[in-house]
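Once you know that position 45 of the sequence shown is 58 in our numbering, the rest is easy, because the numbers rise by one and skip nothing. Each residue gets a CB set at the ideal place from its N, CA and C atoms; glycine is no exception. Worksheet for the structure shown next.
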Amino acid sequence: MSENRTWVGPSAPERLSLLRSAKSIAIVGASDKPSRASYFVATYLLSSSPYKVYFVNPVAKEILGQPVYASLADLPETPDIVDVFRRHDDLPTVLEEAKAVGAKTLWLQLGSWHEEVARNAEAAGMNVVMDRCVKIEHARFHGGLNLAGFNTGVISSKRQLTA
């Protein structure tokens, strides 16, 4: 994807506000395979966040002991954030599903960037975040980056002494 990036996403304070106001997150493209990023994110959200987490995958039946829904339309409530782990070409369809159920925010995971989808989502009154991980952003804002695989034990401008 050599797409020029002209769209400007929400600032860090705006992303924090989106995460703070959300009560539920639907992971579209959730996987039951532990090696997949969506599984890692799901594990974190279930154990370290206050959100009601829904999994959307037309094939899987259960992920991490939770039921899996075939589509956003099948969820028992409208998710505040639709966190998308799908291929680039699938993103317009996911946007249409998110708009149809009334989701407030479309969140495209790390490496996922689709300017037309972002513009269409914003035109429909939705918030959009692209190329960012919900898990990393939540941990960043809530002091848990160590849970995201980052060593944040010491913050200092001094050079560390080596033995």
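Report the residue from the options whose alpha carbon sits nearest the alpha carbon of residue i.
i	options	result
Val56	Ala131, Lys148, Thr91 and His155	For the record, residue 56 in the displayed sequence is Thr; it is not Val. Per the Cα distances, Lys148.
Glu129	Arg145, Phe68, Ala39 and Glu109	Glu109
Asp96	Glu27, Ala39 and Thr19	Ala39
Phe98	Ser44, Arg153 and Leu31	Ser44
Val69	Pro63, Thr91 and Ser62	Thr91
Ser34	Ala134, Glu135 and Thr118	Thr118
Ala134	Glu150, Val66 and Gly115	Gly115
His151	Ser61, Gln79, Thr106 and Asp93	Ser61
Which class does residue i belong to by DSSP, given the choice of helix, strand or coil?
i	result
Asn17	coil
Asp102	helix
Pro26	helix
Glu75	strand
Asp87	helix
Hey, how far is the Cα of residue i from the Cα of residue j?
i	j	result
Val167	Ala137	With a pLDDT of only 44 at Val167, under the threshold of 50, the placement of this residue in the model should not be trusted; the figure read from the coordinates follows. Roughly 43 Å separates the two Cα atoms.
Leu29	His155	9 Å
Val81	Gly124	24 Å
Lys36	His127	25 Å
Val21	Glu75	36 Å
Arg18	Asp144	11 Å
Arg153	Lys112	28 Å
His101	Gln122	11 Å
Ser24	Asp87	32 Å
Leu58	Ser84	20 Å
Trp120	Asn140	8 Å
Val72	Ala50	17 Å
Pro63	Pro26	19 Å
When DSSP builds the beta bridges, which residues end up paired with residue i?
i	result
Val107	Val107 is not bridged to any residue.
Pro80	Glu75
Ordered list of beta strand (DSSP E) runs contained in the segment 32-73, each at least 3 residues: The qualifying runs are 37-41 and 65-69.
Start-end ranges of the beta strand (DSSP E) lying completely within the segment 109-133, minimum 3 residues: 118-121
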